[in-house]
Amino acid sequence: MGKGKMFLLFLCLKLLSVFVVRSAFVPDEYWQSLEVAHHLAFGYGHLTWDWSEGLRSYIYPSIIAGFFKVAEFLHLDSRDVLILIPRILQALLSAIGDYCFWLWVREQTGTKGNWAAIVISTSWFWFYCSSRTLINTVETVLTIFALYHYPWSGKEAVDGKTRFLWPVGIACIMRPTTFIIWLPFCMYHLARVNSKISVILKSYLPISILCILACVSIDSYFYGKLIFTPWNFVKFNVFHGVGAFYGTQPWYFYLFCGLPVVLGIYIVPFLYGAWVVKKNKGPAIESVLLFDIAWTIFFFSLMSHKEFRFLLPLVPMALYICCRRMSQWSRQPSSKVLWLIGLTVTIANAVPALYFGLYHQRGTLDVMEFVAQEASKNQTHTNVLFLMPCHSTPYYSHLHVNIPMRFLHCEPDFSAKPGYLDEADLFYLGPLTWLNKQYPPNSVFPSHIVMYDVLLPHLQGFLNANGYSLAAKFFHAHRFEGKVGGNVLVHSRTT
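Residue numbering for the sequence shown is -23 to -1, 1 to 472, as defined by mature numbering (1 follows the signal peptide of the UniProt record, and there is no 0).
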């Protein structure tokens, strides 16, 4: 297949993911990108504590906001369009990343890249995340760009080619933990160049300075003060350990749970490839990739707060190792066996991609469509209260209507008070007590209350006493725990 047709294939698959992936994954895909962009473009939208403390860079949200303003100028700024535009843009960027991955594998392995096209197209976790407006998705695409331009051959390294530093620098200012991922690559690169000092002074230093200046300029403009967001991010998350406030996992989480989940069935050829590399002490590319994966997992494991998405930039590295082993192995089996293997990996990836994309955790998105419809009917009298773990649903970015809304806040304690409880904690300690205190008789009650069904037994009396009845019910998940339920309920007030 030619290059043009291959890119078209990747683009079609990524655009397909925009419409197949109809579920929520993590709050950041809305609250740290779309909500901020909506606030920039239209003047309303909630900014979380990360933004008041200057932890986040405006680079990614400002790009989305620019497209929002174009849509507004063309009078196309409907709710549906504003939801689709960022996802289509992200899908396009990810398709370019897929294409670069395919080119990278072809050039480095001397093959047609058939397995590269298969693994990057069928990887369930990449399909699941590639059209989401997550900074981790952008980080992954930039990582692929850098891997493609990295001087893998000895001659390129000796010549001091450093084009890969541009996507690395951009990724680092947007997502500072990228530095951990790319430090081994940079050290390996410098170890092979003829004139280390010259390369550092002519490439590393200028590119770093330009990226830092761009970051400081853009963020200082939007924050209205001189600021360097990567430093604030590191200070709060590493030195102050704020990330632990949002959950902790054991040290072995990434090794025994994270990596197997994000790779899916490809964990098998990856482990086999890792064993071959260790046994044969090469080839060099796979050895470097494998070392970097181990290095990153080690340092990420030292951090108390862990999430599956943090491993996303490692997926293309692991898939390269898979491609190399699968392409070498496939020279021997018959065509029927190859078709069987291809069908197996496709089905094994399609099942989780479709289930998690279409069903798991979709209720929090579906409910926002209902709220938007209610607001369009009676904007003046629509007032929504979300009684759910904080940031469970998108917010104004998925309404595009400026109505009063309230959710349970969960800002961390910056004063290190013992026994600190945020608003969400206080609510769940005594839901009925909290509601009666917040909404005494003769006060203005919300027109709609959104909650998970697990909370209903605790609030049924309050709802009945104050004239609320069930207005809508949305499936959310088959498996759930804690404060999250299987369905999202909307109760509206009729009196």
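Where a beta carbon is used, it is the ideal one built from N, C-alpha and C, also for glycine.
At the C-beta level, GLY220 and HIS282 come within 8 Å of one another.
ALA72 sits close to LEU(-13), with the two beta carbons spaced by under 8 Å. With contact defined as three or more Cβ pairs closer than 8 Å, the stretch 369 to 387 and the stretch 342 to 359 are in contact. Here HIS217 is not bridged, per DSSP, to any residue. Residue pairing by DSSP places PHE363 opposite PHE384 and VAL427 in a beta bridge.
By the Cβ test, the stretch 181 to 200 is not in contact with the stretch 237 to 248, since fewer than three Cβ pairs between them sit closer than 8 Å.
Residue environment: ALA442 is assigned as exposed (fewer than 16 neighbouring CB atoms within 10 Å of its CB, all protein chains considered). Remark: C-beta atoms of ARG470 and SER424 approach each other more closely than 8 Å.
Three or more pairs of CB atoms, one per stretch, sit closer than 8 Å, so the stretch 12 to 29 contacts the stretch 37 to 45.
Secondary structure of ALA448 (DSSP, three-state): strand.
Residue environment analysis places SER108 among the buried positions, since at least 16 neighbouring C-beta atoms fall within 10 angstroms of its C-beta. The C-alpha of THR88 is placed about 26 Å away from the C-alpha of PRO144. Between the stretch 290 to 306 and the stretch 72 to 86 there are three or more inter-stretch CB-CB distances shorter than 8 Å, so the stretches are counted as touching. In the structure shown, the three-state DSSP call for HIS468 is strand.
For TYR372, there is no enclosing alpha helix (DSSP H), as DSSP gives it neither H nor E. If the five residues before and after PHE213 are omitted, its C-beta is found closer than 6 Å to the C-beta atoms of LEU32 and VAL219, all from its own chain and listed in chain order.
About 7 Å separates the Cβ atoms of SER100 and TYR243, confirming a contact at the 8 Å cut-off. Unbroken beta strand (DSSP E) runs of no fewer than 3 residues, entirely contained in the stretch 180 to 229, are not found.
Of PRO418, VAL431 and LYS450, the smallest CA-CA separation from GLY444 is found for PRO418.
Shortest Cα-Cα distance from HIS217 to any of GLN356, LYS255, CYS367 and SER392 involves SER392. Inter-residue distance for PRO293 and CYS106 is about 13 Å (C-alpha atoms, whole angstroms). Closest option to GLU351, judged by alpha-carbon separation, among PHE19, TYR76, SER29 and ALA449: ALA449. HIS358 carries a coil assignment under DSSP once its states are collapsed to helix, strand and coil.
In the structure shown, GLN338 adopts coil according to DSSP, grouped into three states. Where PRO246 is concerned, the enclosing alpha helix (DSSP H) starts and stops at 244 to 257.
HIS455 is the residue among PHE205, HIS455, HIS126 and LYS202 whose C-alpha sits nearest the C-alpha of LEU335.
With contacts defined by Cβ atoms closer than 8 Å, SER304 and TRP79 do not form a contacting pair. Closest by C-alpha distance to PHE287, out of ILE380, TYR127, PRO153 and LYS(-10), is PRO153.
A straight line joining the alpha-carbon of CYS163 with that of LEU119 spans about 15 Å. For TYR127, the secondary structure class from DSSP, reduced to helix, strand or coil, is coil. Distance from SER(-1) to ARG301 at the Cβ level is roughly 33 Å; contact not present, criterion being Cβ atoms closer than 8 Å.
Boundaries of the alpha helix (DSSP H) around THR155: 155 to 169. Rounded to whole angstroms, the separation of the alpha carbons of PHE233 and VAL265 is 22 Å.
Rounded to the nearest whole angstrom, the C-alpha separation of SER(-7) and ASN171 is 45 Å.
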